[in-house]
Structures are given as structure tokens and as C-alpha cells.
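These notes concern the structure reproduced below.
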Amino acid sequence: MVRLGVDVGGTFVDLVLATDDGGLAFEKVLAQPSALVESIVEGVGALLARTGVEGGDVAEVVHATTRGSNTVLERSGPRTALVATRGFKDVLQIQRALRWSMYDVQLEKPEPLVPRSLSFEVTERVLADGSVHVPLAEAELEEVASRLAAARVEAVAVAFLHSYANPAHERRAAAVLRERLPDTVVTASSDVSLQAREYERANTAVVNAYIARSLSEYMQRLVGALADLGLEAPVWVMQSSGGLASVAQAVERPVRILESGPAAGVVGASAFGKSLGDDDVISFDMGGTTAKAALVSGGVAAMATYFELQRVGSRRGSGLPVDIPALDLVEVGTGGGSIAEVREGTLRVGPRSAGADPGPACYGRGGEGATVTDANLLLGYYDAGSFAGGLRLDVEAASRAVDTVAVGLGLTRLEAAWGIHQVATLDMEHAIRLVSINRGFDPRQHALVCTGGAGPAHGPRLARALGCRRAIVPLAASGGSARGLLEAAASSEVTRTALVPLDRPDAAELCEQVIAGLVEEAARGSFGAGGTSTLRLALGMRYAGQGYELLVPIDPEERDPATIAEAFHRRYEHAYGYRGEQPVEAVTWHAALVRDAVERGGGSGRRHAGTAALPRRRDAYFPETGVVEVAVHERDALHEGSVLEGPCLVAETTTTTVVLPGDRVEVARDGSLVIHVEAAP
Amino acid sequence: MIDPLDVAVVWGRLAAVAEEMAEAQQRTAYSDQVREGGDYSTAVFDRDGRMLAQANRSPAHLGAMPNAVRHMLEMYPAEGLEPGDVVVLNDPYMGSGHLPDMFAMSPAFVGAALVGFVASCVHLTDVGGPAPGSQAVVGVTDLVQEGLRFLPTLVYRRGEPVDEILRLIEANVRVPDAVLGDMRAQRAALHVGATKLAELYALRGPELVGLVAEEILDRSEEAVRRGLAEIPECTASFVDHVDDYGPGTPPIRMEVTVTIRDGGIVFDFSGTDPQTPSSLNCTLSYVKAYCYWATKAITTRDTIPQNEGQLRPVSVVAPPGCFFNPVPPAALGGRALMNQRIVELLFGAFAHAVPERVCAASGQWLNPIFGGTEPRRGREFIFYDYVMGGVGARSAKDGIDAMSPVVSVENIPIEAQEARNPIVVERHELIPDSGGAGQFRGGLGVRKDILVLADDVVLSNLTDRHVFAPYGLDGGAPGTLGEIVLNPGSADERKLHSKEAVRLAHGDVVSFRVSGSGGVGDPRDRARESVERDVREGVVTPESARRVYGLGR
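Chains as they are written, first to last, in this note's numbering: chain A, 2 to 682; chain B, 7 to 559.
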């Protein structure tokens with residue numbers, strides 16, 4: 002079965018085609034923001050021509066897109082309005098109002114997508130237990146509808162208080178508005194989130210309404226353009242949760258696909274690990290401007306019930322919150338283009354970035370800051386003759402840039418370059434440690450899967466710092482998300498708030514009730530006929546009286562409250578060093594119906610190996626050895642079972658893997674480099 | 007000479023340990039003020055008790071931590087401490103500033119060697135005293151009235167609770183579950199911190215970490231001094247007033263004289279009124295904390311993590327017995343509202359020298375605490391709320407609506423408040439025309455109306471700016487005054503005093519209206535598009551636009 006993965010990122014469209022014989026073919030084209038569909042068509046055309054595959058042979062297309070998040074980023078959505086409970090129309094303006102950069106007098110709140118002038122109120126009130134405190138004033142809805150029409154609003158979010166507990170008012174209001182305003186997109190908050198927290202849920206509904214039209218137009222054009230290439234196979238879209246949705250589902254709830262590219266990267270990492278026998282992995286994806294990581298435990302990626310769009314410098318509270326099931330991604334603003342500076346007499350990397358233009362100093366396009374890429378070049382990790390698909394790098398320019406840092410610190414050029422490399426890795430180490438604690442994971446028991454252009458150069462060092470025993474660099478690691486698309490399964494997720502004290506005599510029945518409701522809801526959003534599916538369940542639990550929950554995966558058949566509580570106790574004790582004696586309560590319930598894998602090609606990842614050339618040699622710096630001459634192995638020349646001893650480098654067109662002294666690499670059957678990491682001294 | 011890269015790595019790790027402790031603290035906490043309000047802090051210390059890194063949480067504990075840890079070590083010398091020991095302290099004069107702030111400290115060990123300390127401070131929901139929340143202002147004249155006071159006391163011995171002490175706490179506070187829960191959260195933070203700090207010392211060796219510690223403190227000090235040196239040498243004074251310290255009491259005059267010279271800064275509060283016979287007083291450590299805050303805001307901001315070195319260039323002078331340096335047995339529970347007021351006083355003095363680094367006065371936040379019995383579950387509850395006004399206008403842009411000017415407080419979701427307490431919030435909205443007019447407008451205040459669904463509830467109010475409005479700068483107008491109205495629009499409507507404790511009955515509605523924030527510059531210089539946008543967005547009424555900004559003339 003021939004399958005095609007298409008990942009649209011910020012700079013490139015990455016494509017991968019899995020053919021019948023289990024081979025993989027890759028393509029990378031520039032993403033033109035104004036003509037994304039055209040860029041995709043260009044890439045698909047090239048890929049089909051190169052492999053000789055007919056459009057009609059492709060059985061499935063899996064797509065990840067930044068369309069939704071770009072619409073928010075560019076503020077290019079339509080005039081969007083909010084309809085709220087009387088007394089609460091300012092919910093989007095007031096927000097949670099965290100002072101996200103405490104000492105910064107020039108701080109701003111994130112700008113809401115709906116202005117105050119397009120926020121309206123309707124008399125109604127539901128309480129926390131779902132009871133009706135004030136009935137819905139239907140007559141007012143008519144008036145609001147007229148005002149929305151007069152304001153030429155094209156999208157509307159309806160967000161009433163406590164609609165997660167009782168959505169009746171909200172649904173009724175949405176129905177009336179849809180009827181009165183047939184050309185307007187109307188999203189009720191309870192359609193997209195069943196979690197308590199009024200600002201976050203309202204904003205989730207607003208984002209959904211805001212991006213709906215642009216996304217559905219895009220999807221329509223994409224499906225049409227693919228059909229013109231003879232490609233009429235079903236198109237699946239990656240959701241932020243890591244599961245796939247049909248085009249129809251994606252268009253209905255577009256807020257769920259905002260983070261589709263990064264999610265695909267994690268799904269890929271999880272699959273690569275699993276195929277090599279590692280069910281516990283940390284995915285590490287380091288590109289030009291940021292690095293992202295996620296924890297995968299027992300083959301299941303850690304989930305979050307919330308994330309923020311467009312954070313400033315990865316700071317909590319600086320972005321627009323979205324309450325939907327999503328993979329729990331940690332992001333730091335450190336990538337290959339991050340600029341190093343001397344501040345307070347010490348070395349810092351980022352948050353300033355050289356971006357793609359002018360790019361690192363070594364690109365020779367006028368960049369003067371010392372970037373991580375410049376440092377890696379001077380350390381001998383990158384080949385000046387050929388970088389990221391053929392770019393020639395300017396060693397002189399990189400040297401000048403790094404010297405500015407070296408002088409400030411009283412170091413040699415090489416020491417400074419090593420410092421930049423080290424500090425860049427350090428930022429990610431801290432971010433992963435922090436999320437590990439919050440989730441109750443021990444990073445030492447995980448393998449690190451390294452993707453993105455800069456991931457394989459920093460991953461082995463990061464793995465050593467975290468105490469990971471293995472690092473894995475899959476084939477075509479720089480386009481890891483596109484490959485991840487081919488590993489994903491269709492899924493339908495539901496998250497809801499429902500407080501169940503697990504020590505209540507009727508707790509087992511309550512659990513049964515909530516889970517049954519969740520499964521029913523998930524099945525409603527499911528992928529239609531065909532195939533069987535597996536239920537996954539995770540419960541956000543806490544000790545009675547606490548406010549934060551620890552999300553713990555639970556056997557979906559399990560209904561015994563004591564067993565469920567015990568799973569929480571164990572995770573909690575692991576994280577915080579003690580277990581409480583208070584009763585445990587379940588608060589957030591997350592269910593995923595995941596379509597079982599169908600027979601697929603492309604899993605082996607084999608590709609036609611090139612001719613075996615003798616490795617080149619190059620000087621590279623490692624603190625353990627100083628400057629040494631190391632072998633530079635061509636990735637294409639490696640075969641299953643090849644063993645390499647560090648220090649050495651493995652080069653491919655779009656990335657370089659840096660193997661440290663003491664590490665040993667084995668080439669796995671699927672072409673992955675499996676690095677056995679020596680423990681840090 | 008020490009390797010600069012070692013400094014970068016070890017420094018980063020120390021700050022990360024403090025941050026990891028803070029996350030553990032917040033995620034295991036039981037109370038809203040810790041969880042949502044960020045009213046806690048965590049820090050790591052070397053074996054000599056010097057603070058190497060403090061997490062970016064409550065600024066109220068800036069500089070208070072080292073003080074508290076020193077007092078704890080005096081009572082429990084390091085030689086006698088063992089892994090898993092936890093010592094607590096809430097004596098306001100030993101660092102905490104008021105009784106609800108509980109410090110906790112643990113040693114970190116590598117093998118048998120003590121390498122450093124970790125500490126946490128949280129604002130507990132209640133420590134006893136006359137009103138729920140232990141922050142009553144009126145009729146409280148002596149610290150002993152305010153609740154439980156701990157001199158340094160061991161509460162965990164080798165990881166095992168000292169039950170006698172915990173029972174003592176349980177018996178003397180309201181909502182003991184929440185209070186003891188938050189203390190367990192402190193223990194979780196200390197566990198995480200001690201483990202991680204020990205790992206760092208084991209990996210890098212105590213000698214290297216010790217050397218780096220010196221470097222960190224010196225460089226941080228230099229950074230602040232460099233920032234101060236960029237500001238022209240100056241001496242400036244500013245005066246502001248707190249309305250009063252209860253019904254029928256006089257205003258409190260606050261005065262500061264700031265001198266910036268030779269890379270140092272001196273805050274002299276001579277001229278400020280004497281301490282009050284109420285719980286509205288600020289200990290010197292609390293005043294210092296916000297002097298550090300304001301100094302950081304005009305120098306290093308968030309660029310370097312907080313540590314003891316950054317405190318060195320700052321001197322604070324306040325005569326004993328004054329409002330900003332009260333002497334025992336002065337009561338202290340009501341100080342919370344003063345956090346932003348101290349900063350505003352200092353910003354007023356900075357405004358001449360560095361107008362681009364300050365903002366006008368902000369809306370005075372409210373910290374009302376409701377306590378009583380839930381009718382449905384028959385359980386005691388404390389509903390601890392905070393309502394943030396806005397932030398004053400900046401030198402080149404408008405202020406911010408509904409946000410704290412100084413602390414990292416998040417609004418607690420109303421859906422969460424209603425699920426936990428017998429209340430219904432009837433409205434939560436911005437107040438049009440409340441932002442002080444100016445070329446740059448002050449942030450808007452907020453109105454929050456709360457319906458009480460229990461009988462015999464005690465409401466303890468804590469706010470200000472009902473008499474003295476938040477000032478504007480450079481010709482900008484002040485923000486509107488705040489007010490609290492009981493049962494608005496009904497026959498028994500009446501205004502409540504900003505610091506009054508009252509009894510409420512089922513069905514009562516309390517309407518909190520936070521003051522607006524000050525503007526900057528002459529309103530007539532405001533860009534016409536900005537005025538028109540404000541009118542369109544309903545934050546300025548058409549009438550004010552005409553009258554104050556001259557729109558349409």
C-alpha cells in the first residue's frame with residue numbers, strides 16, 4: 002500500500018512516500034506562505050516523477066499543516082464575535098492575567114482575537130453542578146443575532162459559564178444563531194472543550210471559529226489540487242493529540258489540528274523507538290529557531306489538556322490558551338540560529354535568533370551574531386562544503402562571529418564554540434528535567450530520539466546529560482515529522498472535567514458512568530465505518546483539596562477505584578517523594594479511541610543504499626579528547642549491523658550526527674542509528 | 007581562574023533547581039493563593055546559608071529568604087541536621103513579614119556531607135486570629151492576636167512528621183486540611199530541591215560549586231551596579247498616602263527619598279508616619295523586598311535569576327517604629343495590599359530620572375476573604391479571592407487592564423471558585439472610564455459582584471484607594487477611586503469600608519470595584535485614533551471622550 006506524508010512547516014514542505022516494497026522516498030521543497038497548496042503540489046509532483054508511482058496508486062495521504070496557527074499568528078481570520086453569559090463579556094479581555102515577565106514594566110497581555118466591541122451578553126446562568134440558576138432569555142438572542150448581522154460578523158463563539166457541566170443553554174443559543182445567521186460559523190464552547198475554566202474554554206471556541214473558514218477553504222483546495230494529480234485517496238489530517246482526523250472532522254473542529262506538525266514529530270519518535278524495542282522515549286526535535294521535546298512512556302506520548310498559542314519566549318501566560326487534548330510538548334527558544342551573547346560575564350544562548358534571513362554568520366548573508374550553527378561548524382561537526390542540502394558555509398565569517406564571544410569571556414575561539422554548543426544543549430536539558438518532574442517520569446529510563454536539522458548534532462550530548470542510555474537517530478531525521486505522519490493512527494479524543502472522589506461508596510459506578518459517556522462522545526467523533534479501535538484512558542487525579550492533577554494512564558477496563566487510586570499514589574510518590582493519606586479524586590478524564598493499525602507498507606524504512614565509499618576524515622573538538630581527527634561516515638553508505646565507535650560523525654544531506662567519545666553506534670534494520678550512550682563522568 | 011563555562015552550566019542548573027522546586031510546590035499545593043496566586047517562593051542556598059538562586063515567584067520573599075534561613079540555622083545548627091529534616095518559621099520579625107507566610111528549610115546531603123540548603127515559603131490560608139484568613143486589620147493591635155507564631159521549629163525529623171507539632175497546627179487554624187496540605191506541598195518542594203541540589207554537588211564537586219557561587223553573587227551584584235550607573239546620579243523624594251487603617255482612622259503618610267549614586271541605591275523612608283495600632287504595618291524585610299523589586303525593574307529585570315548578590319547594592323533606611331519598620335508587638339496581617347504601594351511610591355521618585363522605566367500608579371488590588379460554613383456539606387470554608395485592577399500608563403503606551411502591576415498572580419477561574427465555595431459570581435467586568443486620562447491612558451479597573459449562598463459568613467476586606475486615587479504622571483489624570491458596595495440597587499444598599507470585616511447573610515451581594523490606574527501625559531495630546539478606538543471599544547464613554555479628550559470639538 003503506497004502512502005504519502007506531507008508536513009508543511011515554517012520553512013519547508015517535507016514529503017515522504019512509502020512504496021509497496023517497503024522503501025521510503027523523501028522530498029523537501031520550500032514552503033511559500035502565500036501559495037502553500039502550490040508548494041505541496043510541486044513536492045508531490047517531484048516525488049511521483051522520481052519514484053515512478055502513479056497518483057492513482059497512492060492509497061492514503063496524511064497531512065500536517067500550520068494553516069490554523071498561521072491564521073492566528075497573522076491575525077488574518079475574519080471578524081469574530083463572542084456571545085457570553087450576562088456579566089462576563091470581558092472574559093477575553095480580563096483573561097487569567099498572569100504577569101508573565103514579572104519585572105517588565107513594558108509588559109502586554111496577549112491580544113485577544115475578539116475585540117470588546119464584538120463581545121455580547123445574553124441573560125442566562127448555569128451553576129457548577131449543572132443546575133439552571135437563571136433561564137436562557139431567548140428573546141435576547143434574537144436581538145444579539147441582529148447586532149451580529151449589523152456588525153458584519155463572519156464567525157461567532159458562544160461561551161457560557163459552566164457549559165461543560167450542562168451545555169443546554171449554549172447549544173440552544175448556538176442553534177438559534179446558526180438559524181438566524183446561516184452564513185456565519187458558530188462554535189459553542191462545549192463543542193470543543195468540556196473542561197472547567199471559563200477563559201480558556203471561551204478562547205478555545207473563539208480560536209475554532211476564527212480559523213474555521215480559512216481551514217476549510219484550504220482543505221478544499223488541497224484535496225482538489227491532489228485530485229488534479231490523479232491522487233484521489235482519502236486525506237487524513239494530524240491533530241495536536243497525535244491522532245488522525247478525516248478532512249471532514251478537521252474542518253468541523255479545526256482547533257484540534259493547530260499543532261499538527263510537532264505532534265507528528267512525536268508520533269514518529271514513538272514509532273521509531275518502538276520498532277527498536279524502546280517503548281519509553283523522549284522525542285527531541287531541534288530546528289532552526291526552537292527545540293521541542295515530549296515524553297513517551299509505554300509507547301504512549303504524554304498528553305496535556307491545554308497549551309498556549311504564540312507564547313513569547315516559551316513563557317507560560319504569554320500566549321492564547323487552548324483547552325484541547327494535545328501532546329505535551331516542551332519548547333525552548335534554542336535552535337541552530339540562536340545567537341550567543343556574553344551577559345553578566347557569562348555565556349547565554351538565545352532568545353535572539355538569526356532566523357532564516359540573514360541566518361547564521363556562516364551562511365555568508367550578512368549575519369554577524371555567533372549562532373549555534375556557527376559554533377558547530379567551528380567544532381568540526383558540520384562540513385563547510387555541504388550543509389543542509391548543499392549550502393556552502395563560510396568558516397571565516399563563523400570565526401569572526403564566535404570570536405566576539407570568545408573575547409568577551411577570555412576564551413579561545415574553540416573554547417567559545419564549545420561553550421555555545423554546551424549552553425544550547427543545557428537549556429533543553431533543563432526543560433526536559435522540569436517536565437519530567439511534573440509528570441513523574443525519570444528521563445534516565447528513556448531513549449532519546451533525535452530529529453530536526455540540529456537534533457542529531459546535540460542529541461547525543463543531551464542524552465548523556467540526562468542519563469539516557471540510548472539515543473536514536475532515524476533516517477531522514479531532519480524531516481522527522483513527515484515520517485511520523487505515516488506512523489499515526491486515526492483517533493478521536495475527548496477530555497472532560499467531572500469530579501469523582503474515589504473513596505465514595507459508589508465511586509465504581511460513577512467511574513463507569515463517566516467513562517461510558519466519554520466513550521460514547523469519542524465514538525461520535527470517530528472515523529466512521531471500517532476497522533476496529535482501541536480505547537486509551539488517562540485520568541487527571543489529585544489528593545482531595547489539591548488543584549493540579551497528575552495525568553495517569555489507566556487500563557481502560559479498570560473500574561476498581563482502589564486500583565485506579567493506587568496508580569496515582571505510585572506516580573505521585575515517584576515525583577514528590579511521599580504519598581499522601583488523603584482520599585484521591587479523579588477530575589479530568591481523557592479518552593482516546595484509536596483505530597487499530599491496518600496492514601501497511603513503509604514500516605521498514607529501507608531505502609536503496611548508495612555505494613560504500615571510504616569515510617572521509619575531519620578534525621573535530623570534544624572536551625574529552627581535545628581536537629582529534631575523526632571519521633566522517635556517509636549515512637547512505639552504512640548498512641544494517643554496521644558498528645561505529647565514537648568519536649565520529651555521520652553525515653547526510655540534511656543533518657549530521659555527532660557521536661561522542663565513548664559512545665558506540667549500531668545501524669539498525671530500518672536504517673536508524675542506535676547510539677549506546679556512555680554515562681556522564 | 008574559574009572556567010566561565012562552568013559558571014554558565016552551574017548557574018543555569020542552580021536556577022533550574024529553584025524552578026523545579028517551585029513547580030513541585032505549585033502542583034502539589036492545596037490553596038488558591040499558592041496554586042493560582044503564585045504566593046510562594048523557593049530557593050537554594052550554599053552550606054554557608056548564602057542564597058544562590060530564587061525562583062521567579064512571589065517578590066514578597068525577595069531578600070527575606072536568606073534572613074529566615076539564617077535564623078533557622080541559629081536555632082538548629084547545621085551539624086545537628088540530618089537528611090529529611092524540615093524546620094519551619096513564621097515569626098514576622100525573623101523574615102516572614104506576617105504570620106501566614108510559613109518558611110520551611112531542609113538540608114541537602116551528598117552521602118554524609120551537608121552541601122547546602124533548600125527553602126520554601128508559602129502564604130498559608132489561615133493561621134488563626136480573629137477573622138478567616140488571618141489578615142483582619144481593624145481591632146488588631148498586637149501580633150499575639152493574629153494567630154499561631156512559630157520560632158524556628160522542627161516539623162519533620164529524618165522524613166518523619168513530628169506529630170505533636172502538626173496536631174498543634176491542626177487545632178489552631180481554620181481549614182486545617184488546606185493548611186497542612188500546603189505544608190506537605192512545601193515538603194514535596196524541599197524533597198525535589200534537596201535531591202536535585204545534591205545531584206549537582208555530587209556531579210560537579212562541592213569545591214567547584216562553591217567557587218561558582220562566589221562568581222554568581224559577584225557578577226549579579228555587578229550587573230545591578232552597572233544598571234544603576236547608567237542612570238544619572240540623582241536624589242528624589244515622593245509622597246503618597248494610604249487612605250487609613252480602618253473606619254474613622256487618619257491617612258498614613260508615606261515618604262521616600264531615593265538616592266542613586268556610585269552604582270548603589272539608597273531608599274530612605276524617614277518622614278513616613280509611625281506604625282499604626284492595627285495590623286496594617288510593613289516589616290522592614292517586606293519593604294526591602296519591594297525595594298529590590300523596583301531596583302530590578304529599572305536595572306536587570308528578568309535577565310538574571312534572583313540571588314543574594316543583587317541585593318548588595320541596595321540600602322534601605324527606615325527609622326524603628328515607623329510604618330515601614332514597626333517594632334514588636336506591632337500586628338502585621340494586613341500588609342498584603344502594600345506590595346504595589348511600595349513600588350508605586352518608589353516609581354514616583356524614579357519618574358524624574360527614568361520616566362521610560364516606570365508606570366503611573368495602578369489600580370489597588372482587593373484581597374477579600376470570606377469564611378463560614380458550607381450549607382450543603384456542613385464544612386468550614388475559606389474563600390480567598392483577589393481582584394486585580396489595572397496597571398498604570400507607561401511613558402509611551404497605555405496601561406494594562408485588569409492585571410497586577412507587581413506580582414505573578416493569576417485570576418482564579420470563576421468556574422473553579424463556584425465549584426469550591428457557596429458563592430455565585432454575578433459579574434466580572436471592566437469599568438469604563440476608570441482608567442486615568444492621559445496621552446497614554448491608565449488601565450481599567452474591574453468590577454466583581456459576589457452573591458453569598460451561606461448564612462453567617464464573615465467577610466474580611468483588604469484594599470485601599472477609596473480616598474487617595476492612583477496618581478498619574480506628567481500631566482496624566484489619576485485613576486478613579488475604588489469602592490465596595492453591599493447589596494447594590496437594593497433598599498439596604500450600603501458602602502463598605504476598604505478594611506472592614508462584616509457579617510453577611512444568605513443572599514447578600516458584595517460588589518467590589520477596583521480603582522482605575524493613572525494616566526501619563528496631557529489627555530489633549532492623545533492620538534485621535536486612540537480616543538476613537540477607546541470609544542468604539544466601550545472603555546471610554548462618548549461623554550468623557552468629549553469632555554476629557556476634546557473629541558468632536
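Yeah, the Cβ is synthetic: ideal placement off N, Cα and C, and Gly gets one too.
Provide the residue span of the beta strand (DSSP E) that contains residue i, from first to last.
i: A/Ala491; result: It is not in any beta strand (DSSP E) - A/Ala491 carries neither H nor E in the DSSP assignment.
i: B/Thr379; result: 375-379
i: B/Lys302; result: Segment 290-304 is the alpha helix (DSSP H) holding B/Lys302; no beta strand (DSSP E) there.
i: A/Glu171; result: A/Glu171 -> not in any beta strand (DSSP E); alpha helix (DSSP H) instead, spanning 169-181.
i: B/Gln60; result: 57-60
i: A/Val187; result: 186-189
i: A/Thr683; result: Only positions 2 to 682 of chain A appear in this structure, which leaves residue 683 of chain A out of reach.
i: B/Phe474; result: B/Phe474 -> no beta strand (DSSP E), and no H or E assigned at all.
i: A/Met61; result: What sits at residue 61 of chain A in the sequence shown is Glu, not Met. Taken as a continuous stretch (DSSP letters only), the beta strand (DSSP E) holding A/Glu61 covers 59-65.
i: A/His634; result: 627-635
Excluding sequence positions up to five away, which residues of its chain have a Cβ less than 6 Å from the Cβ of residue i?
i: B/Gly103; result: Thr289, Ser291, Tyr292
i: A/Leu394; result: Cys363, Leu378, Ala385, Phe388
i: A/Arg68; result: Leu216, Tyr219
i: B/Ile258; result: Val248, Asp279, Phe329
Sort the options by Cα distance to residue i and report the nearest one.
i: B/Ala592; options: B/His67, B/Thr301, B/Ala195; result: As shown, chain B starts at 7 and ends at 559. That puts residue 592 of chain B outside it, with no answer to give.
i: A/Ala85; options: A/Ala432, A/Ile212, A/Ala146, A/Ala160; result: A/Ala160
i: A/Tyr307; options: A/Leu412, A/Arg344, A/Pro624, A/Asn204; result: A/Asn204
i: B/Thr469; options: B/Asp528, B/Leu479, B/Leu286, B/Leu317; result: B/Leu286
i: B/Phe398; options: B/Asp528, B/Pro484, B/Ile490; result: Here residue 398 of chain B turns out to be Gly, not Phe, going by the sequence shown. Ranking B/Asp528, B/Pro484, B/Ile490 by Cα distance to B/Gly398 puts B/Pro484 first.
i: A/Val186; options: A/Leu162, A/Tyr165, A/Ala146, A/Arg198; result: A/Ala146
i: A/Glu342; options: A/Ala407, A/Gly360, A/Leu674; result: A/Ala407
i: B/Val360; options: B/Pro89, B/Gly145, B/Pro238; result: B/Pro238
i: A/Glu574; options: B/Glu227, B/His197, B/Val349; result: B/His197
i: B/Ala366; options: B/Asp249, B/Gly444, B/Phe329; result: B/Gly444
i: B/Asp391; options: B/Gly139, B/Met111, B/Leu214, B/Asn73; result: B/Gly139
i: B/Met111; options: B/Gly153, B/Ala460, B/Gly165, B/Asp132; result: B/Gly165
i: A/Val331; options: A/Arg312, A/Ile340, A/Lys293; result: A/Lys293
i: A/Ala418; options: A/Ala371, A/Ser482, A/Gly23; result: A/Ala371
i: B/Leu492; options: B/Gly145, B/Val508, B/Ile406; result: B/Val508
On the DSSP bridge assignment, give the partners of residue i in chain order.
i: A/Glu541; result: The identity of residue 541 of chain A in the sequence shown is Gly, whereas the question assumes Glu. Answer by DSSP bridge pairing, in chain order: A/Leu552, A/Thr589.
i: A/Cys649; result: A/Val660
i: A/Ala568; result: Answer is none; A/Ala568 lacks a bridge partner.
i: B/Arg163; result: B/Glu166
i: B/Val50; result: B/Ala59, B/Val124
i: B/Leu95; result: B/Phe109
Would you mind giving the Cβ-Cβ distance between residue i and residue j, rounded to the nearest angstrom? I have them listed as a contact below 8 Å.
i: B/Arg225; j: A/Glu345; result: 5 Å
i: B/Arg400; j: B/Asp540; result: At roughly 16 Å, the Cβ-Cβ gap does not stay under 8 Å, so B/Arg400 and B/Asp540 are not in contact.
Going by DSSP, what residue range makes up the alpha helix (DSSP H) through residue i?
i: A/Cys512; result: 508-525
i: A/Thr374; result: 373-379
i: B/Arg225; result: 212-235
Between residue i and the rest of its own chain, which residues show a CB-CB distance below 7 Å, the 5 nearest in sequence each way excluded?
i: A/Phe273; result: Val450, Ile473, Pro475, Ser673
i: A/Ala398; result: Ala362, Cys363, Gly365
i: B/Glu88; result: Arg164
i: A/Arg560; result: Ala509, Cys512, Glu513
i: A/Arg254; result: Val193, Asn209
i: B/Gly527; result: Gly444, Gln445, Phe446, Asp480, Gly481, Gly482
Excluding sequence positions up to five away, which residues of its chain have a Cβ less than 8 Å from the Cβ of residue i?
i: B/Gly233; result: Ile304, Thr305, Thr306
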